[in-house]
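Peer 1: Right, I'll just put the structure down here and ask away after.
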DNA sequence: ACGATTCTGTCACTCTCTGCCAGATAACGC
DNA sequence: GCGTTATCTGGCAGAGAGTGACAGAATCGT
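Protein chains in written order, with our numbering: chain A, 51 to 270; chain B, 51 to 270.
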């Protein structure tokens, strides 16, 4: 009875659950469409709610802020899976390699939904306030990675300099962000996995070129 | 006539200019004090304006948003000076060394105002929306650094892979942020200059430890 | 079918931020 | 000095995000 085209639909739960899930998704897709068409700032919550025939008050029962209709939910879920994967790496595996492995295995499932991610990113990049919110999400990710890495080091018996930990986590974020940006910039850039490998390897190898002249110091 | 304790006061400009500068500074310090006492979110623009005996409407003539009273102006000025310094590095100086030199010479003047920076940072760290705005500022810095580095590479005749450029700029931001965080965490951490040197050197040397076991890949 | 639970809409409200216009104040020419 | 002009300020009105409270509707357990 709960089959569709031979694909089993997930458990029907209750009528309430289904209705909730349906309006939540309706709000998200209506919001994305309106944001793409007329921009984030020029779309009011009233517009989104009206498109779903729902009161504005109800919108805020599903999403704490207007931004969260675009940024929330699945991002955090994936982040948690990544952190779990990082924590599960063998204790004697070096931190950077563990980070690299966790990120790579997480982003493999991104590969097939470039379209959707690109659409969402386009809205975010075009809206300063959304860029800010996204940055804040990433910062939370950084802090969590620092925590997990500190745990790993503690468990392995190494002292774990806090500066080193922050540099590791921050470098991981930078590698991820740079690779995703390149990946979304055009299909010619290659696969996300390949770009990620390049980014992580480049940072691992170090940033100092073999040789060069000494830099000048500040004037006065 | 415009001397005070033997120190020459800057040009008096006009009466209007002086009044403007005075109320702007008054708004900033009143805002900081109120933010520290009762938090950013629980301080209304009306509060700040009332503390300076000014209408709320006037507040927004000095600062486009409530956040900008804490984050604006001098941050951008210092950023521009840093970018100019980076652009002025010799063309054959490797990018990472140039970045390091520019950041180090910029932050030397921070060394003596730890108190003020720490106070401001405490408010920012305690307020998610301010953390987000700060992250957005830093992102703008990243983009500008990428631009300058691309210019340098173009001028030097090198191809300049965009991924490498982003990694360099991002790594610079990470080093700066990590060092400043450590510096503000406690006076025992040492001078900011020393912390910055450590951070830049550590990233330059690379993140891969000599050896270790291979990481595991993702399940399923 | 009937209470209990949960969801939704309406109303009222705070706060940020903007446009508009009238009045105050400083700058400039004479 | 005096009048003219540019600039600054305050008050008013309003849009939009977000929140609390309450009544009614839908759904759930039995």
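We put the CB at the ideal spot given by N, CA and C, even for glycine. Here the structure is a predicted model, which means the values were calculated and not measured.
Of all the CB atoms in chain A, is at least one closer than 8 Å to the CB of residue 126/B?
Peer 2: Along the second chain, one-based indexing puts residue 126/B at 76. Cβ-Cβ to chain A under 8 Å: no for residue 126/B.
Peer 1: Using DSSP with H/G/I as helix, E/B as strand and the rest coil, what is residue 141/B?
Peer 2: Residue mapping note: residue 141/B aligns to position 91 of the second chain, counting from 1. In the structure shown, residue 141/B sits in coil (DSSP, three-state: anything other than H, G, I, E or B).
Peer 1: Got a sec? Which residues, its chain only, sit under 7 Å from residue 97/B by beta carbon, not counting five neighbours each side?
Peer 2: Along the second chain, one-based indexing puts residue 97/B at 47. So the qualifying residues of the chain are 84.
Peer 1: Whole angstroms is fine: what's the gap from residue 162/A's alpha carbon to residue 126/B's?
Peer 2: For the purposes of this step, residue 162/A is identified with residue 112 of the first chain, where counting begins at 1. For the purposes of this step, residue 126/B is identified with residue 76 of the second chain, where counting begins at 1. One C-alpha to the other measures close to 40 Å.
Peer 1: Look at the Cβ atom of residue 200/B, then the Cβ atom of residue 213/B, and state whether they are nearer than 8 Å.
Peer 2: Position 150 of the second chain, counting from 1, holds the residue named residue 200/B. Position 163 of the second chain, counting from 1, holds the residue named residue 213/B. No, they are not a contact pair.
Peer 1: For residue 120/B, decide whether its Cβ has a neighbour in chain A, counting only Cβ atoms nearer than 8 Å.
Peer 2: Counting from one through the second chain, the residue named residue 120/B turns up at place 70. Closer than 8 Å: no.
Peer 1: Determine whether the Cβ of residue 91/A lies closer than 8 Å to any Cβ atom of chain B.
Peer 2: Sequence index remark: in the first chain, residue 91/A carries index 41 (1-based). With 8 Å as the cut-off, residue 91/A does not count as an interface residue toward chain B.
Peer 1: In this structure, does DSSP put residue 215/A in helix, strand or coil?
Peer 2: Position 165 of the first chain holds residue 215/A. Helix at residue 215/A.
Peer 1: When the cut-off is 8 Å and only beta carbons count, does residue 108/A lie next to chain B?
Peer 2: Residue numbering aside, residue 108/A sits at position 58 when the first chain is read from its first letter. Judged by the 8 Å Cβ criterion, residue 108/A is not in contact with chain B.
Peer 1: What in chain A is Cβ-close to residue 218/B, meaning under 7 Å?
Peer 2: Within the second chain, the letter at position 168 stands for residue 218/B. Residues of chain A with a Cβ closer than 7 Å to the Cβ of residue 218/B are, in chain order, 257.
Peer 1: DSSP three-state label for residue 147/B, please.
Peer 2: For the purposes of this step, residue 147/B is taken as the residue at position 97 of the second chain. Correct three-state label for residue 147/B: helix.
Peer 1: Beta-carbon separation of residue 198/A and residue 133/A under 8 Å?
Peer 2: The sequence position of residue 198/A within the first chain is 148, counting from 1. The sequence position of residue 133/A within the first chain is 83, counting from 1. The Cβ-Cβ distance between residue 198/A and residue 133/A falls below 8 Å.
Peer 1: Go ahead and pull the three-state DSSP assignment for residue 190/A.
Peer 2: Indexing the first chain from 1 puts residue 190/A at position 140. Three-state DSSP puts residue 190/A in a helix.
Peer 1: Is the shortest distance between the beta-carbon of residue 153/B and the beta-carbons of chain A less than 8 Å?
Peer 2: On the second chain, position 103 is the one that residue 153/B refers to. For residue 153/B, the answer is no, since every Cβ of chain A falls outside 8 Å of its Cβ.
Peer 1: May I ask you to report which of helix, strand or coil DSSP gives residue 104/A?
Peer 2: Taking the first residue of the first chain as position 1, residue 104/A is located at position 54. In this structure, residue 104/A counts as coil in the three-state DSSP scheme.
Peer 1: Say whether the segment 185-195 of chain B touches the segment 175-187 of chain A, bearing in mind that this needs 3 or more beta-carbon pairs closer than 8 Å, one atom from each stretch.
Peer 2: yes
Peer 1: Scan the segment 204-250 of chain A and note each continuous alpha helix (DSSP H) run of 4 residues or more that stays entirely inside, going in chain order.
Peer 2: 212-235
Peer 1: For residue 113/A, does the three-state DSSP call read helix, strand or coil?
Peer 2: By 1-based counting over the first chain, the position of residue 113/A is 63. Residue 113/A falls in the coil class under three-state DSSP.
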